[in-house]
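All letters in the sequence shown, in the order written, are residues 62 to 276 by the numbering used here. We put the CB at the ideal spot given by N, CA and C, even for glycine. Since this is a predicted model, take the numbers as computed values, not measurements. Heads up, the thing below is written out as structure tokens.
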Amino acid sequence: MTDFSFSVPTDVLRAALVCVSTEETRYYLRGVHVEPDADDVVLVSTDGHRLFCGRCPLPPAGAVTPAEPFIIPTETIKKALTGYKGLGIHLTRTGDVWTLGDVTFRPVDGTFPDWRRVVPTQKTISDDLGKIAQFDPAYIGDMGKVCKALVGAGKPVIHHMGGNPSMVTFPGREDLFCLLMPMRADMLDTAELGFLLAHVAQNKAATLAALPKRA
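Rendered as structure tokens:
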């Protein structure tokens, strides 16, 4: 891999940390994936339930971006960002030495999954946009954490897509998005759902009974 040096927006890096995996066995997900694209550099993190994708703007003339993808370990990012107040933090490689800010690290020795396979396609959006889905409340709360990490992101907007991964966007931030994986049907408590429907039906009947009768 060739040497490089460029600046990564710290708010994007902090937001990416929200979606990294904490599972020891999935070590290749315990970090932020850095991937060069045609026009910029993409930062991706996921635990299989949530996915974050953000883009770094093109570096100024003279800066060199990576030619091959790699994964920055979670602990490296946390250490580098602790107490750091800058809007951008330098990510460099010189020979065998990798640094994020003033923290030296070794990339995760693993292969990040093909995250583009779960991103909604134009056909998926056309067919399923607006179909309601159920999500783990904790993961919805994590979208609020992403907002908190970002600068001027407003409130997250969940674009429901039924049984497909739903895209989450953040007003004013066209440089990034998240995905939420919906809960499977077998994870929903059908007994509680039946009780809820019966309760609604009962209340509806009571409400209709209380309405004044027509003369």
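Between the region 72-88 and the region 96-103, the count of Cβ pairs shorter than 8 Å is below three; the stretches do not touch. Per the Cβ contact rule, the region 181-189 is not in contact with the region 105-113 (fewer than 3 Cβ pairs under 8 Å). By the Cβ-count criterion, ILE150 is buried, with 16 or more other Cβ atoms from all chains shown falling within 10 Å of its own Cβ. Excluding five sequence positions before and after ALA210, the CB atoms of its chain that fall closer than 7 Å to its own CB belong to ASP72, ARG75, ALA76 and VAL79, given in chain order.
VAL73 carries a helical assignment under DSSP once its states are collapsed to helix, strand and coil.
A direct Cα-to-Cα measurement between MET242 and MET222 gives close to 10 Å. Per DSSP, the continuous alpha helix (DSSP H) segment holding LEU142 begins and ends at 135-142.
Spatial neighbours of VAL102 in its own chain (CB-CB distance under 6 Å, excluding positions within 5 residues in sequence) are listed in chain order as CYS117 and THR126.
With 16 or more other CB atoms across the displayed protein chains lying within 10 angstroms of its CB, THR137 is buried. Taking 8 Å as the cut-off, the beta carbon of PHE231 is found closer than this to the beta carbon of PRO217.
A Cβ-Cβ distance of about 17 Å is found for the pair ILE132 and GLY162, leaving them out of contact under the 8 Å criterion. Counting only unbroken stretches of 4 or more residues, the alpha helix (DSSP H) elements lying wholly within the region 181-222 are 183-189 and 198-210, in sequence order. Taking all protein chains in view, the Cβ of ALA199 is surrounded by fewer than 16 other Cβ atoms within 10 Å, so the residue is classified as exposed. Take the alpha-carbon of LEU119 and the one of THR153: they are about 15 Å apart.
In terms of Cα proximity to LEU104, the closest of ARG245, ASP236 and MET244 is ASP236. Counting along the chain, the unbroken beta strand (DSSP E) around THR153 starts and ends at 149-155.
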